[in-house]
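Visitor:
In our numbering, the protein residues as written are 767 to 1045.
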C-alpha cells in the first residue's frame, strides 16, 4: 500500500509541472516596453515566440480608462493591434491576454509613453486571482486522480486484478464520478482564466464557451469519454469489460497528450506519443 501511494505521488509530480512549460512568451514589441514616442503609433505590434490566439486586449490611458482593442490582425507569431483613438499625451498600457499553442492562457502588459514620460504606477494591471488559480489546480488534481485511479483502477480490475474486489470497484467508480464533475467545472475555470475574470464570474457564458475551445476542449472530451467508459465497464460481462477498460485507458492517454506541453513541444510527432505512453 505504501509503495502504491509513493508511485501515485511520483506520477502526479511528473504530470503537474507539464502545465507550467511551453507557454507562449512576448519576445518583442513595437513600441518597445518603456519607450517614449512623440506621437501615438498607428499600430502596436506584439511578437511572441509562437503563434497565439488573442483573448482580451485592452488599452489603458493616462486617466486610467480601459478601452478594448478589437482591431487585431494575426501575422504568424505577431499580433498587430490598431489602438483606439485616445486624445492626450502620457502613459499607455496595453494589457494583453492570449491563448498559447499548449492551450493555456498567458497575459502581460506593455507600457509606453506619448509626448512625455510620467508615472504609470496607478495604471498597473490587476494582479492574478489567487483563488481562481487555486480552484484550477484543485480541479486539475482531481481530474488526474480520476484518470489514474478511476480509469487505471478499471483497467487493472478488468485485466489484472481480482474481479470480485467490490471495494476497489466502488473506489474506481466514485473517483471517476467526482473527476467528471471536476472536469465539467474546469471548462468554466479555464474560460475565466483565459478572460482574466474572477471566480465570481463563473456564470459568464463567454467563459464557458472559450474554456471549451482549442486543445483544452479536446482534452476534456477525451477525459470525459475515458471516465464514462471506465464507469460503464463494471456493468458489463468480463469480455466487454476488458474492451471498454482498454478504450478508457487509451482515452486517458489521449487526454494527457492532447493539451499542455505535449501539444506544442517540438517535435510533436515524438512528444505526443511519449506523453500518451507515459500516461
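In this text, a Cβ means the ideal position worked out from N, Cα and C, and glycines have one as well.
For clarity, every value in this text was computed on a predicted model and none was experimentally measured.
Going by beta-carbon coordinates alone, are residue 975 and residue 863 separated by less than 8 Å?
Guide: No, Cβ-Cβ distance for residue 975 and residue 863 is not below 8 Å.
Visitor: From residue 793 to residue 1019, what distance separates their C-alpha atoms?
Guide: When rounded, the distance between both Cα atoms is 33 Å.
Visitor: Report yes or no: do the stretch 850-859 and the stretch 938-958 share at least 3 C-beta pairs separated by less than 8 Å?
Guide: Too few Cβ pairs lie closer than 8 Å, so no.
Visitor: Give me, in chain order, the residues of the same chain whose beta-carbon lies closer than 6 Å to that of residue 1023; leave out the 5 immediate sequence neighbours on both sides.
Guide: Once the five neighbours on either side are set aside, the close Cβ partners of residue 1023 are 1038, 1041 and 1042.
Visitor: Within a Cβ cutoff of 6 Å, which residues of the same chain sit near residue 881, ignoring the five residues on either side of it in sequence?
Guide: Around residue 881: 855.
Visitor: Given that a residue counts as buried once 16 or more other Cβ atoms are within 10 Å of its Cβ, and exposed if not, what is residue 871?
Guide: It counts as buried.
Visitor: Nearest by alpha-carbon distance to residue 819: which of 842, 831, 810 and 801 is it?
Guide: For the residues 842, 831, 810 and 801, the minimum Cα distance to residue 819 belongs to 842.
Visitor: From the DSSP output, in three-state form, read off residue 818 for me.
Guide: Reduced to three states, the DSSP call for residue 818 is coil.
Visitor: Does DSSP put residue 863 in a helix, in a strand, or in coil?
Guide: Residue 863 falls in the strand class under three-state DSSP.
Visitor: Going by alpha carbons, who is nearest to residue 946 out of 790, 973 and 913?
Guide: Closest option to residue 946, Cα to Cα, is 913.
Visitor: State yes or no: is the C-beta of residue 816 within less than 8 Å of the C-beta of residue 875?
Guide: Not closer than 8 Å, so no.
Visitor: Does DSSP put residue 987 in a helix, a strand or coil?
Guide: The answer is helix: DSSP assigns residue 987 an H, G or I state.
Visitor: Please report the straight-line C-alpha distance between residue 832 and residue 821, rounded to a whole angstrom.
Guide: So the alpha carbons of these two residues sit roughly 16 Å apart.
Visitor: Provide the residue span of the alpha helix (DSSP H) that contains residue 1034, from first to last.
Guide: Per DSSP, residue 1034 belongs to the alpha helix (DSSP H) from 1034-1044.
Visitor: Between residue 944 and residue 932, what straight-line distance do the alpha-carbon atoms span, to the nearest angstrom?
Guide: Answer to the nearest angstrom: the Cα atoms are 18 Å apart.
Visitor: How would you write the range of the alpha helix (DSSP H) that residue 918 sits in, first residue to last?
Guide: Per DSSP, residue 918 belongs to the alpha helix (DSSP H) from 918-925.
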